[in-house]
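Below: the structure, in structure tokens.
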Amino acid sequence: MKIDTIQQKSRQLRALKSNRSSQQSPFIECRIRQLEHDLVYMLSEHQKDVQAKLELNEQRSRMLLKIMQVTDELAAVDQQIQQLLSNKTLNTNIHQTNPSNEINQQQ
């Protein structure tokens, strides 16, 4: 919406400047200066908005990167847990299938 207004004022300014003459009324000169002032102000505000959006995007990117790093770390920990559980289950099964070996070894 701001861009539309900026473009509209810019067209008005170009139209007024293209029809300039040496005997132009003070009103038209005043209107040209007002349009120039409005355009400078609006472009400055637009630049601030764009800068704020860029900063937000940078913050979002950093947060997303951190989330991805934490997700990778969680996946690695989960894999380690699964490996430990698998090893424990394997060891438990070995001990359960060979109870006589343990008894024989103890004697």
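Residue numbers (full-length UniProt numbering): 1 to 107.
Every residue, glycine too, gets a C-beta built ideally from N, C-alpha and C.
Nearest-angstrom Cα separation, counted from leucine 35 out to serine 21 | 18 Å
Which of helix, strand or coil DSSP assigns to asparagine 19 | coil
Below 8 Å, can you find three or more Cβ-Cβ pairs linking the segment 7 to 24 to the segment 63 to 77?
-> no
Please list the segments of the alpha helix (DSSP H) lying wholly inside the segment 19 to 51, counting only runs of 4 or more residues, in order along the chain.
-> No alpha helix (DSSP H) of 4 residues or more sits fully in the segment 19 to 51.
Starting from the Cα of aspartate 38, find the closest Cα among His95, Ile6, Pro26, Gln83 and give me that residue.
-> Ile6
Contact set for lysine 17: own chain, Cβ-Cβ below 7 Å, skip 5 residues either direction = Ile32
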